[in-house]
Amino acid sequence: MLSVPARLRRTGMETKLLIQGALGAEPPRRSDRSLQRLVAQARHLSDLVMTSNGKPVQDLAVEAGVSPSYFTRVFRLSFLAPEITKAILQGRQPSELNAIKLLSAGRFPSAWLDQRRQLGFN
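Per the working numbering, the sequence shown runs over residues 12 to 133.
The structure is reproduced here in structure tokens:
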């Protein structure tokens with residue numbers, strides 16, 4: 012019989028078996044391309060807003076090729092703390108954070124520390 016420290020962790024639509032390594036650390040996480048795409052899209056939408064000269068969201072959403080609802084949900088991500096954005100781009104986000112959870116998080120607190128707590132970075 013072999014005994015190894017492990018735990019189950021739900022990540023999006025799947026459940027992963029996380030086995031601790033020899034030093035007790037979790038295995039390195041892989042970059043989440045969906046999260047990275049969302050961060051990039053948020054940056055793009057932010058640029059659209061900044062150069063829009065006051066266009067309504069509906070017009071900007073048409074220009075971006077998305078629905079107004081999706082536009083506002085993704086645009087909110089451009090207000091994430093810089094260290095959260097950097098962690099996502101480097102693949103250092105918490106294993107339970109995925110694109111669906113990030114989009115459905117609702118309004119983010121304006122304080123970056125509270126954002127970190129809400130998204131599981133602390």
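Even glycine gets a Cβ: it sits at the ideal position worked out from N, Cα and C. Predicted model only: the values in this text are computed from it and were never measured.
For Leu108, the three-state DSSP class (helix, strand or coil)
Position 97 of the sequence shown, counting from 1, holds the residue named residue 108. In the structure shown, the three-state DSSP call for Leu108 is coil.
Could you tell me the alpha carbon to alpha carbon distance between Val73 and Ser14, rounded to whole angstroms?
Start at 1 with the first residue of the sequence shown, and residue 73 comes out as number 62. Start at 1 with the first residue of the sequence shown, and residue 14 comes out as number 3. C-alpha separation (whole angstroms): 56 Å.
Is it right to say Ile99 is buried, meaning 16 or more other beta carbons lie within 10 angstroms of its own, or is it exposed?
What you label residue 99 is simply residue 88 of the sequence shown in a count that begins at 1. Result: buried.
Cβ-Cβ separation, Arg127 to Ile95 (assumed contact under 8 Å), whole Å
Indexing the sequence shown from 1 puts residue 95 at position 84. Indexing the sequence shown from 1 puts residue 127 at position 116. Their Cβ separation, rounded to whole angstroms, is 7 Å, which keeps Ile95 and Arg127 in contact under 8 Å.
Please classify Arg21: does DSSP put it in a helix, a strand, or coil?
Counted from its first residue, the sequence shown places residue 21 at position 10. Three-state DSSP puts Arg21 in a strand.
Would you call Asp43 buried or exposed, if buried means 16 or more other Cβ atoms sit within 10 Å of its Cβ?
Taking the sequence shown and counting its residues from 1, one reaches residue 43 at position 32. By the neighbour-count rule (16 or more Cβ atoms within 10 Å), Asp43 is buried.
Find the nearest neighbour of Gln69 within the set Tyr81, Arg18, Asp125, judged by alpha-carbon distance.
Taking the first residue of the sequence shown as position 1, residue 69 is located at position 58. With distances taken between Cα atoms, Gln69 lies closest to Tyr81.
For Ser78, which residues in the same chain have their Cβ closer than 7 Å to its Cβ, ignoring the five residues on either side in sequence?
Residue 78 sits at position 67 when you count from the first residue of the sequence shown. Here the set comprises Ala72.
List the whole-angstrom C-beta distance separating Phe86 from Leu56, where the pair is believed to meet the contact cut-off of C-beta under 8 Å.
For the purposes of this step, residue 86 is identified with residue 75 of the sequence shown, where counting begins at 1. For the purposes of this step, residue 56 is identified with residue 45 of the sequence shown, where counting begins at 1. That pair is a contact at about 5 Å.
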